[in-house]
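Q: Residue numbering for the sequence shown follows this note's numbering, beginning at 6 and increasing consecutively.
Structure provided below as structure tokens; questions to follow.
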Amino acid sequence: MTRSASHAVAAGAPAPSVSAPAISTRRQAVVRLGDLDIAPENLRHGEAPDADIPQLADTIAAAGLLQFPTVRPGRGEEAAFMVLDGRRRLLALRLLRDGGFVDDDHAVEVFIETDRKRQAAAVVLTNTAAPVHVADVIAAIGRMLKERLGVKVIVRALGYGEVEIRRLAALSRLPSVALEALKAGKITLRQARLLARLKNRTQQAEMAQGVLDGHGLAEWRIQEQLGEGRITDRDPRCGLVTPELYAAEGGRTEADLFGEMPPVLLDPEALTRAWLKRAAEVAAPFEAEGLTVQLAPGEDGMDLPDDVEQLYYAYGGLSEEAALVYREARDRAQAAAEAVAASEPAAPDDDRPDGLLAFVRARIAQDQAGAGQRLATALVLRPSLRTGVEVDCYGPVEADVEPARSMDDEAGETDIETEVSGRPAARSAYAPPRAPAPAPEVEGVSHVLHATRTDMATRGLIRALADAPEVALTALIARLFGAIGAWPSIGRTEAALTITASDFNPSGGRIVEVLDGAVRERLDERRRAWEASGLTIIAWVHAMDLGDRLGLLAELTALCLDLREDRTSLARKAARSEAAEIADLCDADIARWWTPDGAYLRPHSREQLLTMLERMGAETDAAARLRKGDLVAWTEDQARARTWAPTCLSWALDPDEAADAGDAHALDADADAEAPDAGDGGGPPDEGQEAGDDAEAGREAAEDETTSGVRVFVVTPAGEAALVGGATIDAVADDAAA
């Protein structure tokens, strides 16, 4: 327990004047053990030594006195110094003297109080000595352990919980330079615990020395090492495997000593065996029906026959009746998945396997309906944390018909190849103006990640443009004029729209159901309506009212967007300019329909994922301790809960760029008007700076243990250790000497 050195008086004494505070008369000194005695005003004067004094003596012998006794000068025939606070410590020192470990000349550091009021306060309110820094406590525990005092002995001597002593013991194994950095306030107690988890003592010392040299602590390096190869209960296999099943396979679990990280599963082979057993129970009924079922517990590819291919929803290939069947099957599959996710992983004889079987059958029905009732002949079951298994359906390969290629398609490909190979096309002397374009984020971004970002951003703008018919009409007319009316014509890679009548469908890409998938489904409905009309396309379109025509135009135009960039070095600046204008006109916000999912998040690094969490206002300390796969799942959940999407997918300008662009437009529009006052400009406040000002709080606290008679350390913002618990005030003060 700690408190300030403010004045306090005994009960009944007059209150001190607040207008004239007294000058402290307390000083620190070193005196002989033989010159110390217990003051008669000490609350426990005359009491016999308690049974724990020998343990306290052992503690003092190993670690010394960390909390110095408070004494007053002796009077008359009293000893030279009389102990007001620290009776048990004096008794322990005398026990060491009687055992021959020290003598009466042994030096004892004390605080001497000469002011009568402060002497009274020292008797009534114990522990007036300076607070002990937690680094000193850790060092003291280390000295006790070196003297071969066991953890249980230290627990009995100090009265702390055993887990608290074990945590302090783990911290005591840190290099002295790390404890020095902790005491100097260069690292927090949480960071010290992070350092203590490293196995390499040399690396601990190097990182701590770097902190003292002013370089800061690279927490991400420690997190990467700690997360490498660690399997936790966030592993997808744990969606089907309970801790009991894992333990039955001989799996071991290691809990984090400090209680800050999830338990680590030490035997991934046992986890895989348990998952395979449970998944085999799910697969057995389907194998009995003649399906080929393969179990894929890891990332390794499956050994599937060459004559099968995965079944997907066939956009543009289903009749109205078939599409209705698919949507019903999809709803049933989603309901079955929700039912399985809501249940708990259970033993093989419980009802969760029945739910899993229903879910797998619903997924088979969905994929078969989406592929035009093509028959699924093979299944691949993969781990899923949400549903236990994820299902991929495969069917016989259908012969592909190579579509005829138009001259426009060939010209478009030639244009792309020309730009990529660095052979610029002929250009006129006139350089048309361009709208401001958002600069691509390429610092620390790989080509794969850049392609992923621009791919997803394209899909987001597809959805936004499809819902803004008037903007789509504007974009279409502008593109047609650029391709036909301007000379030389604006090539494919110089524009955001692809008027060659090829929809956005990059090789190796995916259809995102709520973004471009929703637009493709609308066109499916329109195609079926045209087929039922018996009219030509021109007659059918001309018969539409204006609203339907504009809606169809918006959908067709939106699917012609292609802003994907496969490499960071191939930023299409002109296309980005058009994308920024379109996004501004239709108020594009991808978060209205989609938030980052696993497929989007996986190409990002740990640091980029943590930055996302920070920008969306989510907790990052606990997330930083997760391994990559768990961090991806956590980021996906947090983004969904907040309806958040990265700003790099919005095609919006940076605030500074937008402000510059706005100033430029204002100057052009008001060229003949009076010049505006210089103080009128400026963009929005820098929110990033405000977020950067939210520094991590320095307050660190150990876990509360409120069991009667058990105390723990609580660390103040200054790193001072205080005792909290159920012991008496005097016992707290005396035991604090250790």
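Every residue gets a Cβ at the ideal spot worked out from N, C-alpha and C, and that includes glycine.
In this text, all values refer to a predicted model and were calculated from it rather than measured experimentally.
Just to confirm my understanding: we take Ala66, look at its own chain, exclude 5 residues before and 5 after, and list those with CB closer than 8 Å. What are they?
A: Leu101, Phe106, Glu152
Q: The alpha helix (DSSP H) spanning Ser181 covers which residue range?
A: 181-188
Q: Nearest-angstrom Cα distance between Ala584 and Thr479?
A: 13 Å
Q: Gly147 by DSSP, collapsed to three states: which one?
A: Three-state result, Gly147: helix.
Q: Is the stretch 606-621 touching the stretch 568-579, taking contact as three or more C-beta pairs under 8 Å?
A: no
Q: The alpha helix (DSSP H) that contains Met212, what's its start and end?
A: 206-217
Q: Is the number of C-beta pairs between the stretch 338-348 and the stretch 359-373 that are closer than 8 Å three or more?
A: yes
Q: Whose CA, out of Met461, Ala140, Leu520, lies closest to the CA of Ser2?
A: The question about residue 2 has no answer, for the chain in this structure spans 6 to 743.
Q: For Leu217, which residues of its own chain have a beta-carbon under 8 Å away from its beta-carbon, when the five flanking residues on both sides are left out?
A: Excluding sequence neighbours, Leu217 sits near Val182, Glu185, Ala186, Ala189, Lys191.
Q: For Leu271, does the count of other Cβ atoms within 10 angstroms reach 16, so buried, or fall short, so exposed?
A: exposed
Q: Note down, in chain order, each residue of its chain lying with its Cβ closer than 7 Å to the Cβ of Thr459, except the 5 sequence neighbours on either side.
A: Leu568, Arg569, Glu570
Q: So, does the stretch 224-232 touch the stretch 588-604, judging by three or more C-beta pairs under 8 Å?
A: no
Q: Could one say the Cβ of Ser574 lies closer than 8 Å to chain C's Cβ atoms, at least one of them?
A: Absent here is chain C; the protein component of the structure consists of one chain.
Q: Kindly identify the DSSP beta-bridge partner or partners of Phe116.
A: Gln33, Thr75
Q: Apart from the five residues on each side of it in sequence, which residues of its chain come closer than 8 Å, Cβ to Cβ, to Thr258?
A: Pro248, Tyr251, Ala252, Pro268, Val269, Leu270, Leu271
Q: For Gly244, which of helix, strand or coil comes out of DSSP?
A: Collapsing the DSSP output to three states places Gly244 in a helix.
Q: Might you give, ordered along the chain, the residues of its own chain that have their beta carbon closer than 6 Å to the beta carbon of Ala344, omitting 5 neighbours on each side?
A: Within the same chain, and ignoring the five residues on either side of Ala344 in sequence, the residues whose Cβ sits closer than 6 Å to its Cβ are Gly360.
Q: List the endpoints of the continuous beta strand (DSSP E) containing Gln315.
A: Start and end: 313-315.
Q: Mind checking which residues open and close the beta strand (DSSP E) that includes Ala201?
A: Where Ala201 is concerned, there is no enclosing beta strand (DSSP E), although the alpha helix (DSSP H) it sits in stretches over 194-201.
Q: Within a Cβ cutoff of 8 Å, which residues of the same chain sit near Arg242, ignoring the five residues on either side of it in sequence?
A: Excluding sequence neighbours, Arg242 sits near Leu276, Thr277, Ala279, Trp280, Pro302, Pro388.
Q: What separation, rounded to the nearest whole angstrom, lies between the Cα atoms of Phe263 and Gly634?
A: 23 Å
Q: Looking at Arg527: is its Cβ nearer than 8 Å to the Cβ of Glu499?
A: no
Q: Does the count of Cβ pairs from the stretch 645-655 and the stretch 593-602 closer than 8 Å reach three?
A: yes
Q: From the DSSP output, in three-state form, read off Gly400 for me.
A: strand
Q: Helix, strand or coil for Gln299, going by three-state DSSP, please let me know.
A: strand
Q: At which residues does the alpha helix (DSSP H) containing Ala288 begin and terminate?
A: First-last of the alpha helix (DSSP H) with Ala288: 273-293.
Q: Considering just the uninterrupted stretch of the alpha helix (DSSP H) at Arg337, what are its terminal residues?
A: 325-347
Q: Please state the DSSP three-state secondary structure of Phe106.
A: In the structure shown, the three-state DSSP call for Phe106 is coil.
Q: Can you give me the C-alpha to C-alpha distance between Ala534 and Glu292, rounded to a whole angstrom?
A: 41 Å
Q: Give the DSSP-derived three-state secondary structure of Met87 in the structure shown.
A: Secondary structure of Met87 (DSSP, three-state): strand.
Q: How long is the line joining the alpha carbons of Val715 and Arg31, rounded to whole angstroms?
A: Only weak support exists for where Val715 lies, its pLDDT of 44 falling under 50; the coordinates are left without a value.
Q: Do you know offhand how far Ala469's Cα is from Asp594's?
A: 7 Å
Q: What are the boundary residues of the beta strand (DSSP E) that includes Arg387?
A: DSSP places Arg387 in the uninterrupted beta strand (DSSP E) bounded by 383-389.
Q: In the DSSP assignment, find the unbroken beta strand (DSSP E) run with Leu41 in it and report its ends.
A: 41-43
Q: At which residues does the alpha helix (DSSP H) containing Lys535 begin and terminate?
A: First, the amino acid is wrong: residue 535 is Trp here, not Lys. From DSSP, the alpha helix (DSSP H) with Trp535 extends over 521-538.
Q: Taking the alpha carbon of Arg235 as the reference point, which residue from Gly166, Ala548, Leu631, Val394 has its own alpha carbon closest?
A: Selected option, being the one with the closest Cα: Leu631.
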